[in-house]
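To start, the structure itself, in structure tokens.
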Amino acid sequence: MSLYLCKGGCHCGNIRFNAVLAFNPESFSPRACDCDYCTMHAATYLSDPDGSLEISIKGDDQVSRYRQGGNMASFISCRICGVLVAVTHEADGVIYGAINTKALTGGVLFAEVKQASPKLLGNEEKVGRWKEVWFQNVSIKIAGV
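Residue numbers (the numbering used here): 67 to 211.
Right under this line is the structure:
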């Protein structure tokens, strides 16, 4: 199995990430969530439950963590440049996450974007789906901590 590294972050560099995919990026279809928040940000999300995600934050005081999805998902954005970088959910000491493909660098090519409709799911169904399709090996590193 080959591993594929995808890098990205916010415009000013306050939030960076390294995402390792277990398969070729072209085999992944980013998901466009239909909730009002994601629609307003034109976000499409990428995740790989067999991969890993490391988020690095320089200035945690300049990061916004906006709660959505029944107050269970935390959207990570930079307060300096305004870029929505990722979304996470924590359960039983495990952090699950997905990255906004709009925050990727390097012109990574993916399969066609697919629509996702979490509005149609109850809270337990949302969490179950996140645990199934999001990165399950997520670490968040904050400078100085």
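We treat Cβ as the ideally placed atom computed from N, Cα and C, and that holds for glycine.
Small disclaimer: the values here were computed from a predicted structure and weren't measured.
Neighbourhood of V185 by C-beta distance below 8 Å, restricted to the same chain and skipping five residues each side: Position 119 of the sequence shown, counting from 1, holds the residue named residue 185. Per the sequence presented here, residue 185 reads as Lys, with Val not at that position. Only D100, C101 meet the Cβ criterion.
Whose C-beta lies closer than 6 Å to the C-beta of G132 among residues of the same chain, with five residues either side of it excluded? Counting from one through the sequence shown, the residue named residue 132 turns up at place 66. The residue you asked about is not Gly; residue 132 is Tyr in the sequence shown. Closer than 6 Å at Cβ, skipping near neighbours: F141.
Can you check DSSP and say which residues form a bridge with F141? To locate residue 141, count along the sequence shown from 1; it is residue 75. F141 is bridged to Y132, V153.
Rounded to whole angstroms, what's the CA-CA distance from L170 to E198? Just pull it up for me. Residue 170 sits at position 104 when you count from the first residue of the sequence shown. Residue 198 sits at position 132 when you count from the first residue of the sequence shown. Roughly 22 Å between the two C-alpha positions.
Give the secondary structure of N189 by DSSP, where H, G and I count as helix, E and B as strand, and everything else as coil. Taking the sequence shown and counting its residues from 1, the one referred to as residue 189 is at position 123. N189: helix per DSSP, three-state reduction.
Name the one or two DSSP bridge partners that R97 has. The sequence position of residue 97 within the sequence shown is 31, counting from 1. In the DSSP output, where bridge partners are listed per residue, R97 has Y111, K180.
For E92 and S68, the rounded distance between their alpha carbons: For the purposes of this step, residue 68 is taken as the residue at position 2 of the sequence shown. For the purposes of this step, residue 92 is taken as the residue at position 26 of the sequence shown. Rounded to the nearest angstrom, the two C-alpha atoms are 13 Å apart.
Does the distance from the CB of A109 to the CB of Q181 come in under 8 Å? Translated into positions along the sequence shown, residue 109 becomes position 43. Translated into positions along the sequence shown, residue 181 becomes position 115. No, the Cβ-Cβ distance between A109 and Q181 is not below 8 Å.
Along the beta strand (DSSP E) that carries G163, what are the first and last residues, could you check? As a working mapping, residue 163 is identified with position 97 in the sequence shown. First-last of the beta strand (DSSP E) with G163: 160–166.
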